[in-house]
Structures are given as C-alpha cells and as structure tokens.
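Have a look at the structure below before the remarks.
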Amino acid sequence: MKKERLELFRRMVLIRRFESHAEACHAKGEIPGSLHTATGQEAEIVGSCMALRPDDYMVGNHRSHGHPIAKGASINPLMAELFGRSTGVCGGKGGSMHLSDFSVGSLGETSIVGSGVPVAVGAALGASLQGSDRVSLCFFGDGATNEGAFHEGMNLAAIWKLPVIFLCENNLYGVSTPAAEVISVKDIAERGAAYTMRSEIVDGQDVEAVFDVVGAAVSRARAGEGPTLVEAKTYRFAEHAANMGRVLLERGLELEEWLKRDPIELYRSKLIAGGTDADELIAIETEIDDEIVASLDFARNSPYPEQSEAFTDVFTEPVPTPAWLNVVENGDG
Ligand SMILES: Cc1ncc(C[n+]2csc(CCOP(=O)(O)OP(=O)(O)O)c2C)c(N)n1
Ligand SMILES: [Mg+2]
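Under our numbering, the first residue of the sequence shown is numbered 473, with each subsequent residue one higher.
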C-alpha cells in the first residue's frame, strides 16, 4: 500500500508542476490558445483515475491537462501538444483542450461544456456490447450539470445500467458564476435521484477518500450494477483560464480558506504522520522537476506540423462516401 500512496502523491505533484510550467510558458507566448489549469483539484483527478485499470476509459473536459497524466500518460507528448508540436499526443493540432491518448484509455476532451458526457456513455455502451468489463469515467464541472447533454447521458446510463462513473468536479464556479446561484439543488449529487442513480459526495481535497469512493463505484459498475454519480467538492486556485485576470472573480477570503486545504500539502502531512520520511517525498519532487525540464526540452525541440497536414486527422480516413452520393455521381439517380 505504501507504493500506491507514494504514487498518488507523485501524480498529484506531477500534475501541479506540469501545469505551473505550462502557465509560465503560456505567459511567455510559447503556448498558444487558452489554458485552463486545475491547480487545487489534483486530489479528485488522481484519486479517481487511479481507481481505474489502464484499459478503462476516461473522458475529461476543457480543464484536463492532469487527467491523462493521472491515467498514466507520459508527459512529453502532452507538453508537446500544448506547444502545438507534431510530436504532441494529437500531432500538435489539438492543443490544451484536446489531449486524447488512447494508449491509456484517455478518450480526450473538448471545449464544449457537457460534451464529454455522451462520449463517456457511448464508450461504456460499446464496452458492454462487446462483453468487456471495462468501465468509463467521465469528468465534468458543476456548470456542465446544467447542460442537456449531461441529463441525456445520465438517463441513458441509468436505463441501460451502463458502467459509467460520472465525476462532477464541483469547484463552486462556472467561469465567475457561483454554482449556488444557478443550480437548482444544494448538492449536485441530488441530481442522481432524478435518474434513480446512486450518488455520493466526497471531499475532493482528500485523495484517498476519492480513491475509495470511486473505487467502490468502479467495482459496482464492473459487476453490472450500473452507474454512479460522484460529486467531488473542490476548488480551483487560479483564475478560470490563464490571463483572464482575477478581476472577474473577487474571491478574497474564500480563496485563502481553500488554499489551506491544498490537496498536495494535506496528503504530504498525512503521509508524514503515517511514518513516511519527508525526504522521500522531496526526492519524488526533485525527480519530477527533472521530468518536467526534459518534457519542455522535448516540446521546444520538436517541429510544428507540416502545412500539408492541416486537413488530415479531421475525419476518419478514408472518408466514407455515402451511398446516395455514389448514385448521383454515377448519374444513376
Ligand atoms: C456549451 C458551452 N457553453 C458555454 C461555454 C463557455 N464556457 C467555457 S468553460 C465554462 C464554465 C464551465 O464551468 P464548469 O462546468 O463548472 O467547469 P470549470 O470551468 O469550473 O472546471 C463556460 C461557461 C462553452 N465552452 N460551452
Ligand atoms: Mg466549475
């Protein structure tokens, strides 16, 4: 168990440092586009993903650099993707909000809020039609639970008893809008009742608590007992997206209180109280720093995609020709 605990710590720190370096590179203009970090949310990300098998599916959203990392993806192609380089996990054409890495079951993300839900439900349907016991973990924010796609996905997963874990990262805001002002229920977990779906609330700053709650949901899903909605109560420490400025959201004391519940520092204290040598944790962090520096070198030294590739990877290849088009082209119609 010690090994697993250190791995929970390692992955949280890896995500934190990956994102802080990405933010610095974005500020310098090295990373194009928008960049949403999940600093402060690492425990719910790592605790959930580590409760999965490598062949299980996972779907993130616009704030999901850390999710493929937590699922076990190597960071060089992820960093290169942020830099828009051809060695990136999506050939440099996706960027920060499109980090699919099928090799670890990470089906990717999109910027459309709520759109990952049907993808995760579809993956679970596929797994069950194929007779496999793979499960599908779907991350989305509090704001996404007001989208139609969320409710449609929850309903389908419930009626077909699909192996999905719906993981709501309730960080209390959608951009600058407080969740409490726009969501009809006190706890998002209550929304499970509308679909007779089991739901749980978990402290999203406690990595082991998340691991346990999601682990139990995964076991039920694998056993054919259907989906679970898990609401992780968490908080993002940075603004909604890099360079948006805090002007949009004056959080004052609230932020200060949440900073005291930094998931990495909470877990460091817990590990040390449980007998882990503090230096062992520092050694892990030093190793991560080297790994990050190497990933930055890798990204910076990689080429941009060729112009000729602009239209590849857009549709499946070859693009299937619809039957009706054949008929018209042949002059038969
Ligand atoms: C369908 C849709 N509506 C609006 C937006 C603009 N938008 C981008 S992120 C975001 C907030 C999402 O909040 P939440 O789901 O709580 O996720 P968080 O950013 O807090 O992690 C909004 C409204 C969008 N990208 N897609
Ligand atoms: Mg939110």
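Cβ coordinates follow ideal geometry from the N, Cα and C atoms, glycine included.
Between the CA atoms of L554 and A542 - distance to the nearest angstrom: 17 angstroms
Relative to the C-alpha of A713, which candidate in A499, R692 and R740 has its C-alpha closest? A499
Give me every residue whose Cβ sits closer than 7 angstroms to any heavy atom of ligand 2, in chain order. G613, D614, G615, E641, N642, N643, L644, Y645, G646 and A651
Looking at I413 and ligand 1, is the gap between the Cβ and the nearest heavy atom below 6 angstroms? Limits of the chain in this structure are 473 at one end and 805 at the other, which puts residue 413 out of reach.
Between the C-alpha atoms of I637 and S575, what's the straight-line distance to the nearest angstrom? Each residue's Cα considered, the two are about 20 angstroms apart.
Under the assumption that A651 contacts T509 (Cβ atoms under 8 angstroms), give the Cβ distance between them as a whole number of angstroms. That belief does not hold up - the Cβ atoms of A651 and T509 are roughly 19 angstroms apart, past 8 angstroms.
Residues that DSSP places opposite C610 in a beta bridge: V531 and F638
Nearest-angstrom Cα separation, counted from G512 out to K658: 22 angstroms
Kindly confirm or deny that the region 576 to 587 and the region 663 to 675 touch, where touching means at least three C-beta pairs closer than 8 angstroms. no
What I want to know is whether the C-beta of R535 ends up closer than 6 angstroms to one or more non-hydrogen atoms of ligand 1. yes
Are the region 754 to 772 and the region 513 to 532 in contact at 8 angstroms, needing three or more beta carbon pairs? no
Would you kindly check if the distance between the Cβ of E726 and the Cβ of I660 is under 7 angstroms? no
Leaving aside the five residues before and after L731 along the sequence, list all residues of the same chain whose C-beta is less than 7 angstroms from its C-beta, in chain order. F709
Alpha-carbon spacing of V786 relative to L579, whole angstroms: 16 angstroms
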